[in-house]
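Per the numbering used here, the sequence shown runs over residues 6 to 163. Cβ coordinates follow ideal geometry from the N, Cα and C atoms, glycine included. Here the structure comes first, spelled out in structure tokens, and everything after it is commentary.
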Amino acid sequence: MTAHGSSAPAEYTNDYLSVTLRPADGGGETILCCFSVNLRRFDPLSRGTHGICSNPVFKGLQLLRADLSAEALARKARPRAARVQDCAAHVPRGDGWYHDSLLIENVAASHVPELLRFSVGKMIEKVLYVCTPDAALPDPLPGPEALQAFLDGLAKSR
6 MTAHGSSAPA
16 EYTNDYLSVT
26 LRPADGGGET
36 ILCCFSVNLR
46 RFDPLSRGTH
56 GICSNPVFKG
66 LQLLRADLSA
76 EALARKARPR
86 AARVQDCAAH
96 VPRGDGWYHD
106 SLLIENVAAS
116 HVPELLRFSV
126 GKMIEKVLYV
136 CTPDAALPDP
146 LPGPEALQAF
156 LDGLAKSR
């Protein structure tokens, strides 16, 4: 997990998911949030937990945008729609990856690391709640490699 000042992106990436928060073009206190999940990587965890068109990982990606918008509003920031192509250079490529994006205006640079942890934690909590309800996200949130090892372990135990 990397989180720096306002001019550098904050990133959390492993084989399961990627979250990047970076200054939006035009500068100021606006950040571009790029979210990605690899449905194929999550498949051993999510298999058998959903019907057609209701994959909990894909739904988690969609709900993350709503959760982060609510968190931004609570911090007096303003969530806005972002163009999908704005994140094209900041998301993993390949089969199985799905993406979403969000702009948040009026974000203090000091809040970016918290928003990064919030985003990753909310996404994984939603997936675990449906796919492995007896598992809890480690607290504090582990780094990307440790979270990947945690999810790999859960997938092997299913």
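Helix, strand or coil, according to DSSP, for residue 116 in the structure here? Your numbering for residue 116 matches position 111 in the sequence shown. Of the three classes helix, strand and coil, the one that applies to residue 116 here is helix, per DSSP.
Sequence-distant residues of its chain with Cβ nearer than 8 Å to residue 128 (five each side left out): Sequence index remark: in the sequence shown, residue 128 carries index 123 (1-based). Counting only Cβ-Cβ distances below 8 Å, and skipping sequence neighbours, we find 22, 24, 40, 42, 65, 66 and 69.
Three-state secondary structure assigned by DSSP to residue 92: Along the sequence shown, one-based indexing puts residue 92 at 87. In the structure shown, residue 92 sits in a helix (DSSP, three-state: H, G or I).
Span of the beta strand (DSSP E) holding residue 34? Numbered from 1 along the sequence shown, position 29 holds the residue referred to as residue 34. No beta strand (DSSP E) holds residue 34; DSSP gives it neither H nor E.
At the level of alpha carbons, what is the spacing between residue 132 and residue 34? Walking along the sequence shown from the start, residue 132 turns up at place 127. Walking along the sequence shown from the start, residue 34 turns up at place 29. Spanning the two alpha carbons is a distance of roughly 31 Å.
Cβ-based burial, residue 59 [other Cβ within 10 Å; buried from 16]: The residue you call residue 59 lines up with position 54 of the sequence shown. With fewer than 16 other Cβ atoms within 10 Å, it is exposed.
By the three-class DSSP mapping on this structure, what secondary structure does residue 58 have? Numbered from its first residue, the sequence shown carries residue 58 at position 53. Correct three-state label for residue 58: coil.
Whose CA, out of 56, 37 and 153, lies closest to the CA of residue 92? Within the sequence shown, residue 92 is the residue found at index 87, counting from 1. Considering only alpha carbons, the answer is 37.
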